[in-house]
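A quick write-up on the structure given underneath.
There are 2 protein chains.
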Amino acid sequence: MPTHLVAALDIGGTKIAGALVDGDGRIRRRAQRPTPAREDGETVMRAVAEVIGELVGDGSWGEVRAVGIGSAGPVDASAGTVSPVNVPHWRGFPLVERVRELTGGLPVELVGDGVAMTAAEHWQGAARGHENALCMVVSTGVGGGLVLGGSLHPGPTGNAGHIGHISVDLDGDPCPCGARGCVERIASGPNIARRALDEGWRPGPDGDASAAAVARAARAGDPVATASFERAAQALAAGIAATATLVEIDIAVIGGGVAKAGDTLFAPLRRALRDYAALSFVRNLTVAPALMGTDAGLVGAAAAALRAFPGTPAERLRPAVNS
Amino acid sequence: MPTHLVAALDIGGTKIAGALVDGDGRIRRRAQRPTPAREDGETVMRAVAEVIGELVGDGSWGEVRAVGIGSAGPVDASAGTVSPVNVPHWRGFPLVERVRELTGGLPVELVGDGVAMTAAEHWQGAARGHENALCMVVSTGVGGGLVLGGSLHPGPTGNAGHIGHISVDLDGDPCPCGARGCVERIASGPNIARRALDEGWRPGPDGDASAAAVARAARAGDPVATASFERAAQALAAGIAATATLVEIDIAVIGGGVAKAGDTLFAPLRRALRDYAALSFVRNLTVAPALMGTDAGLVGAAAAALRAFPGTPAERLRPAVNS
Numbered sequence: 240m241p242t243h244l245v246a247a248l249d250i251g252g253t254k255i256a257g258a259l260v261d262g263d264g265r266i267r268r269r270a271q272r273p274t275p276a277r278e279d280g281e282t283v284m285r286a287v288a289e290v291i292g293e294l295v296g297d298g299s300w301g302e303v304r305a306v307g308i309g310s311a312g313p314v315d316a317s318a319g320t321v322s323p324v325n326v327p328h329w330r331g332f333p334l335v336e337r338v339r340e341l342t343g344g345l346p347v348e349l350v351g352d353g354v355a356m357t358a359a360e361h362w363q364g365a366a367r368g369h370e371n372a373l374c375m376v377v378s379t380g381v382g383g384g385l386v387l388g389g390s391l392h393p394g395p396t397g398n399a400g401h402i403g404h405i406s407v408d409l410d411g412d413p414c415p416c417g418a419r420g421c422v423e424r425i426a427s428g429p430n431i432a433r434r435a436l437d438e439g440w441r442p443g444p445d446g447d448a449s450a451a452a453v454a455r456a457a458r459a460g461d462p463v464a465t466a467s468f469e470r471a472a473q474a475l476a477a478g479i480a481a482t483a484t485l486v487e488i489d490i491a492v493i494g495g496g497v498a499k500a501g502d503t504l505f506a507p508l509r510r511a512l513r514d515y516a517a518l519s520f521v522r523n524l525t526v527a528p529a530l531m532g533t534d535a536g537l538v539g540a541a542a543a544a545l546r547a548f549p550g551t552p553a554e555r556l557r558p559a560v561n562s
Numbered sequence: 240m241p242t243h244l245v246a247a248l249d250i251g252g253t254k255i256a257g258a259l260v261d262g263d264g265r266i267r268r269r270a271q272r273p274t275p276a277r278e279d280g281e282t283v284m285r286a287v288a289e290v291i292g293e294l295v296g297d298g299s300w301g302e303v304r305a306v307g308i309g310s311a312g313p314v315d316a317s318a319g320t321v322s323p324v325n326v327p328h329w330r331g332f333p334l335v336e337r338v339r340e341l342t343g344g345l346p347v348e349l350v351g352d353g354v355a356m357t358a359a360e361h362w363q364g365a366a367r368g369h370e371n372a373l374c375m376v377v378s379t380g381v382g383g384g385l386v387l388g389g390s391l392h393p394g395p396t397g398n399a400g401h402i403g404h405i406s407v408d409l410d411g412d413p414c415p416c417g418a419r420g421c422v423e424r425i426a427s428g429p430n431i432a433r434r435a436l437d438e439g440w441r442p443g444p445d446g447d448a449s450a451a452a453v454a455r456a457a458r459a460g461d462p463v464a465t466a467s468f469e470r471a472a473q474a475l476a477a478g479i480a481a482t483a484t485l486v487e488i489d490i491a492v493i494g495g496g497v498a499k500a501g502d503t504l505f506a507p508l509r510r511a512l513r514d515y516a517a518l519s520f521v522r523n524l525t526v527a528p529a530l531m532g533t534d535a536g537l538v539g540a541a542a543a544a545l546r547a548f549p550g551t552p553a554e555r556l557r558p559a560v561n562s
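Residue numbers (my numbering), protein chains in the order written: chain A, 240 to 562; chain B, 240 to 562.
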């Protein structure tokens, strides 16, 4: 019996990835192009069209019944448009309509990339089996998504769970978003590195001044590097605790490059969570590293499409393959 | 045709109120006792039993099919217990089981008081017709609740929307909850008054040093009083913006004594929201004063019960009477 497939697109500032994904979350076919992020909007769309063209050319295309898109934000799922910060010529770009045209009128589900990553972690990763979860990416930016009452919660515009831009320091440093003291302004990789440099940390002979290098220095005992990670952990803890206090999550899953620092991040984060998640109903909140790798965006976009267009009952999202 | 009724209980540190409420949200019968908050747990329960006794004695009791309880928090809806901060001998008190026994085994729905107020504002008040809303009480404390995707979102333990205890100032003053810089620590009535006094404001000849007196002084042009309300508004704005950024609400409804300050609170709050709600998908967020009066707790507890136990489809929660 043929497994119904969905097409998935993962739209980022660096690459545009596509895949055919089956109901078990397995990737059956891949396509990818670099994102011509600085070019005009139609040039960017041409790269998307090429990715879709490869998928449509696959022998199993006839089984595809929906398309899921996870895109760098902000997105507007209600309007079907995207305005990725790092793709400046796409502002209110009608991506859903354009993708629908290229796929013969298939239904298209659009979510932000943080929501897509969350869908993947909930389907097959560290949030699996959790009814209420926050999943985050801590990297160049800080993004996220929510699972509430057992289901993905993209929100009306597909941006819910945008934890990177909640203020945890209302008098803090201005954030590029326009607010102050946002979680991202304190806890993103570039801000971890900037703070360490500002406080006197210096990179080694290789000149690597990234957050990964700060993490290595922290592991080697450098107090300034350690303090910069501790400050990031404090901001993440305040944001995670705020989320738990607002919507009652029981797990926070953290992925992205900064999470690769391991205990350098997770140990002070768990300590700080005890300070900020103080009320009885949030005290049992746990923190776990993300399990999905670089395919999280594609698998999550597929999961979002399967959730939005479940088809016949027999075709609904099945448990993950490793169940 | 008889209208099915629900029994509602509103448990606070000052009074225990009960009512029979019909499917249109009309209160058909009331009962009330002062809360013997400092007495032992069984004495407090006796006051609840007296309120229930009056309701059970009503001629229409036979039509009652469920009980809704809104209680000062924290509550634990999953365990059926309450631990109200201001009722020190009720810690993990099995209120749901006790109420079930007193009502002949009727189904009982328990939510926190912020969630109950939200249910009332969504049913018949300022959040009516909104798919995604935050409702708040700003008073001696700061509480709240959420409507997501058109439905009340109490969370697994009935405490979701607890905006008073999210930190918006991660290095800020210690909060009695154990965290720092919580919204309540900055924006509650007592904290508005404390801050004004600390900065040199002095009450008038009547000696009234409440937040209401600070509001009157602000309206009369006192700069210290004005600044204290502006700081409260800033903290509320940061908390409301965080909520909108996390779950995509389109309205924040604010009630409670501090909201009676009117434009003294709402004008700086709307200004500060423009600073903190900066992302495109939260920029259209509006703020409105609550419309439900002192019966919000009872009407909301009834709404929560009707939502949890909708009965036959024909009995489901109907639109409010003023539709």
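For glycine and all other residues, C-beta sits at the position ideal for the given N, C-alpha and C.
Since this is a predicted model, take the numbers as computed values, not measurements.
- The C-beta of B/Thr274 has 16 or more other C-beta atoms within 10 Å across all chains shown, which makes the residue buried.
- Within the same chain, and ignoring the five residues on either side of A/Ala426 in sequence, the residues whose Cβ sits closer than 7 Å to its Cβ are Val377, Val381, Ala471, Ala474, Leu475.
- Going by DSSP, B/Val350 is part of the beta strand (DSSP E) stretching over 347-351.
- In this structure, the straight-line span from the alpha carbon of B/Gly400 to that of A/Val326 is close to 35 Å.
- Per the DSSP secondary-structure output, B/Cys374 pairs in a beta bridge with B/Gly384, B/Val492.
- Here B/Pro413 carries a strand assignment [DSSP, helix/strand/coil].
- Taking a Cβ-Cβ threshold of 7 Å, none of the residues of chain B is close to A/Asp263; the smallest such distance is about 28 Å.
- Separation of the CB atoms of A/Gly343 and A/Leu545 is rounded to 19 Å, and the pair is thereby denied contact status at 8 Å.
- By the neighbour-count criterion, in which 16 or more other beta carbons inside 10 Å mark a residue as buried, A/Asn398 falls on the buried side.
- In its chain, beyond the 5 residues on either side, Gly307, Ala543, Ala544, Ala547 have a beta carbon closer than 6 Å to the beta carbon of B/Glu348.
- Rounded to whole angstroms, the Cβ separation of B/Pro313 and A/Ser519 is 5 Å, and the two are in contact under 8 Å.
- For B/Arg285, the closest of B/Thr320, B/Arg268, B/Val338 by C-alpha to C-alpha distance is B/Val338.
- Taking the C-beta atoms as reference points, A/Ile402 is found no nearer than 9 Å to A/Thr525.
- For B/Ser406, the nearest CB of chain A lies under 9 Å from its own CB, placing it at the interface with that chain.
- In chain order, Leu259, Arg268 place their CB closer than 7 Å to the CB of A/Asp297, counting only its own chain and leaving out the 5 sequence neighbours on each side.
- Counting of Cβ neighbours within 10 angstroms places A/Glu487 among the buried residues, the total reaching 16 or more.
- Under the three-pair Cβ rule at 8 Å, the stretch 493-512 of chain B counts as touching the stretch 459-468 of chain B.
- For the C-beta of B/Cys416, the chain A residues within less than 9 Å are, from N- to C-terminus, Ala517, Leu518.
- Residue-level contact by beta carbon holds for A/His392 and chain B, with a gap shorter than 9 Å.
- Within the stretch 297-322 of chain B, the complete beta strand (DSSP E) runs of at least 3 residues fall at 303-310.
- Taking 7 Å as the Cβ-Cβ cut-off, the stretch 486-498 of chain B approaches chain A at Val486, Glu487, given in chain order.
- Secondary structure remark: continuous alpha helix (DSSP H) runs of at least 4 residues inside the stretch 514-557 of chain B, in chain order: 535-547.
- Membership of B/Asp249 in any alpha helix (DSSP H) is not indicated; the residue belongs instead to the beta strand (DSSP E) covering 244-250.
- Within the stretch 360-372 of chain A, those residues whose Cβ lies closer than 8 Å to any Cβ of chain B are, in chain order, Glu370, Asn371.
- B/Ala399 belongs to the set of residues whose beta carbon lies under 9 Å from a beta carbon in chain A.
- Straight-line spacing of the CA atoms in B/Gly264 and B/Cys374 works out to 18 Å.
- Residues of chain B with a Cβ closer than 7 Å to the Cβ of A/Thr482 are, in chain order, Leu485.
- A/Asp437 carries a helical assignment under DSSP once its states are collapsed to helix, strand and coil.
- A straight-line Cα-Cα distance of about 48 Å links A/Gly550 and A/Val453.
- In this structure, DSSP gives A/Arg267 an extended state, which the three-state scheme calls strand.
- With fewer than 16 neighbouring CB atoms inside 10 Å of its own CB, A/Glu438 falls in the exposed class.
- Within the stretch 305-328 of chain B, contact with chain A at the beta-carbon level (separation under 8 Å) is assigned to Pro313, Asp315, Ser322.
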